[in-house]
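Report on the following structure.
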Amino acid sequence: MPDSLGPVRIGVLGASSYAPTTMLNPAKDNPDVVVAAVGARDDASAEEFAATHGIARAHGSYEALIDDPELDAIYVLVPTSMHGRWTRAALDADKHVLCEKPFTANGDEAREVAELAATSDRVVMEAIQFRHHPLTLRVEEILASGELGRLERVDITLCVMLLPFSANCYNYSMAGGAMMDAGSYVANMARTFGGSTPKVVSAQAKLRDPRVDAAMTAEVQYAEGHTGRLKCALWSSDLFRARAKIIGEHGEINVFSPAAPHLLPRLSIRSNGRKRVERFPRRATYAYQLDAFASAVLRGGPVRNTPQEAVENMSLIDDIYRAAGLPVRQPS
Numbered sequence: 010m011p012d013s014l015g016p017v018r019i020g021v022l023g024a025s026s027y028a029p030t031t032m033l034n035p036a037k038d039n040p041d042v043v044v045a046a047v048g049a050r051d052d053a054s055a056e057e058f059a060a061t062h063g064i065a066r067a068h069g070s071y072e073a074l075i076d077d078p079e080l081d082a083i084y085v086l087v088p089t090s091m092h093g094r095w096t097r098a099a100l101d102a103d104k105h106v107l108c109e110k111p112f113t114a115n116g117d118e119a120r121e122v123a124e125l126a127a128t129s130d131r132v133v134m135e136a137i138q139f140r141h142h143p144l145t146l147r148v149e150e151i152l153a154s155g156e157l158g159r160l161e162r163v164d165i166t167l168c169v170m171l172l173p174f175s176a177n178c179y180n181y182s183m184a185g186g187a188m189m190d191a192g193s194y195v196a197n198m199a200r201t202f203g204g205s206t207p208k209v210v211s212a213q214a215k216l217r218d219p220r221v222d223a224a225m226t227a228e229v230q231y232a233e234g235h236t237g238r239l240k241c242a243l244w245s246s247d248l249f250r251a252r253a254k255i256i257g258e259h260g261e262i263n264v265f266s267p268a269a270p271h272l273l274p275r276l277s278i279r280s281n282g283r284k285r286v287e288r289f290p291r292r293a294t295y296a297y298q299l300d301a302f303a304s305a306v307l308r309g310g311p312v313r314n315t316p317q318e319a320v321e322n323m324s325l326i327d328d329i330y331r332a333a334g335l336p337v338r339q340p341s
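Whatever position you read off the sequence shown (first residue = 1), add 9 for my numbering.
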């Protein structure tokens, strides 16, 4: 059942440097949300974070935040290997959950969390933020309209430069790797824009260490007959490259900043011999995502990134790792 009263009182699980971008700043302009507490690994970290960001309550353990009776929802922002564990804990405490991507360490763990979520009336959403931007919704609308005709190829690229190498995203024990980080978006784009979850044909990794990919490229095949390529990197010769190209028998769509549509909010569409450009708001994708989460909690609005979708996404990521000869990530 949706909650009838607002705003949604959210606790941030993890005193992360990403929190201002992903939650705190969007929440300032959202009347349906208040960030009411933060939980960190110790009192000093929690209190410093709360003081810096004007958060009312600080908890010196993750358990204390989960157990806070004045919270309605938990935003899970701990290292990836812990996402499943703390999402389950939040559900056990009858809290709604917005879990940062990737949803879990692997597909099996995602399935376990999805099964638990299915027994609950709480909202559980994976934070794949680009899905909520009007630009992404428009791409889906164009594809559904049949304007491009039968799909032929879906190529997705997201390469960034992320330092230091000591960061959790390069740490196997924290479920790190390019395919887990930037690749979470790339896998979701391949599924969203390709129309279904593809099969992995081949994959090649550029390694940071024997188990951790600094970059990954995979060729995929869709059941409907079209093909695709997924490319992602946290460290590669591509200092920065982001593009989604969707090719159909009657034309193509080019998305110039698919993971962060607000940074370059335009589409180039060519179909039936004509070309046009469509433009969109610069409002941050994280703001649209928070709108959607609050609406789902307060008014029973739709959830676009459901736990079952997360199972599909994590299973595709696992298959890419296996095809590249790398181990599937594990929870901690």
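Even for Gly, the Cβ is constructed at its ideal location relative to N, Cα and C.
Check glutamine 298 in the structure and name its three-state DSSP category.
Helix at glutamine 298.
State the CB to CB distance for the pair valine 169 and phenylalanine 249, rounded to an integer number of angstroms; the pair is presumed to be in contact (CB under 8 Å).
Yes, they are in contact, since the Cβ atoms of valine 169 and phenylalanine 249 sit about 6 Å apart, within 8 Å.
Taking DSSP's pairing of strands, which residues face lysine 254 in a bridge?
Paired residues: Asp164, Asn263.
If distances are taken between C-alpha atoms only, which option among Cys178, Leu216, Gln213, Arg162 comes closest to proline 4?
The structure shown does not extend to residue 4, since the chain is modelled only from 10 through 341, so no value can be given for it.
Please give the ranges of any alpha helix (DSSP H) in the stretch 124-178, keeping only runs that are unbroken, at least 4 residues long and fully inside the region.
Runs of the alpha helix (DSSP H) inside the stretch 124-178: 143-154.
Comparing alpha-carbon positions, which option in Ser70, Ala102, Ala73, Val122 lies nearest histidine 92?
Checked all of Ser70, Ala102, Ala73, Val122; the closest Cα to histidine 92 is Val122.
Along the chain, where does the beta strand (DSSP E) that runs through arginine 275 open and close?
From DSSP, the beta strand (DSSP E) with arginine 275 extends over 275-280.
Among Leu307, Val210, Lys284, which residue has its Cα nearest to the Cα of leucine 325?
For the residues Leu307, Val210, Lys284, the minimum Cα distance to leucine 325 belongs to Val210.
Under a Cβ-count criterion, where at least 16 other Cβ atoms within 10 Å of its own Cβ denotes burial, should alanine 53 be classed as buried or exposed?
Exposed, since its Cβ has fewer than 16 Cβ neighbours within 10 Å.
What's the gap between the Cα of threonine 166 and the Cα of glycine 282?
Roughly 26 Å separates the two Cα atoms.
Would you check if there are 3 or more beta carbon pairs closer than 8 Å linking the stretch 302-315 to the stretch 128-139?
With a cut-off of 8 Å, the stretch 128-139 and the stretch 302-315 count as touching, because enough Cβ pairs lie within range.
Given that a residue counts as buried once 16 or more other Cβ atoms are within 10 Å of its Cβ, and exposed if not, what is glutamate 150?
When all chains shown are included, glutamate 150 counts as exposed.
Going by DSSP in three states, isoleucine 83 sits in which element: helix, strand or coil?
Strand.
Can you list, in chain order, the residues of its chain with a C-beta nearer than 7 Å to that of aspartate 164? Leave out the 5 residues immediately preceding and following it.
Only Gly237, Arg238, Lys254 meet the Cβ criterion.
In terms of DSSP beta bridges, what is threonine 226 paired with?
Beta-bridge pairing links threonine 226 to Gln213, Lys240.
By a C-beta neighbour count over all protein chains shown, 10 Å radius and 16 as the cutoff for buried, is arginine 140 buried or exposed?
Per the 10 Å Cβ criterion, buried.
Quick check: alanine 242 and alanine 223, are their CB atoms within less than 8 Å of each other?
It is a contact, given that the beta carbons lie within the stated cut-off.
Among the residues of its own chain, which have a CB less than 7 Å from the CB of glutamine 357, if the five just before and after it don't count?
The shown model of the chain, from 10 to 341, leaves out residue 357, and the question about it has no answer.
Judging by CA-CA distance, which residue of Met189, Gln230, Ser205, Ala251 is the nearest neighbour of methionine 221?
A small fix is needed here, since residue 221 is valine in this sequence, not methionine. Of the listed residues, the one whose Cα sits closest to valine 221 is Met189.
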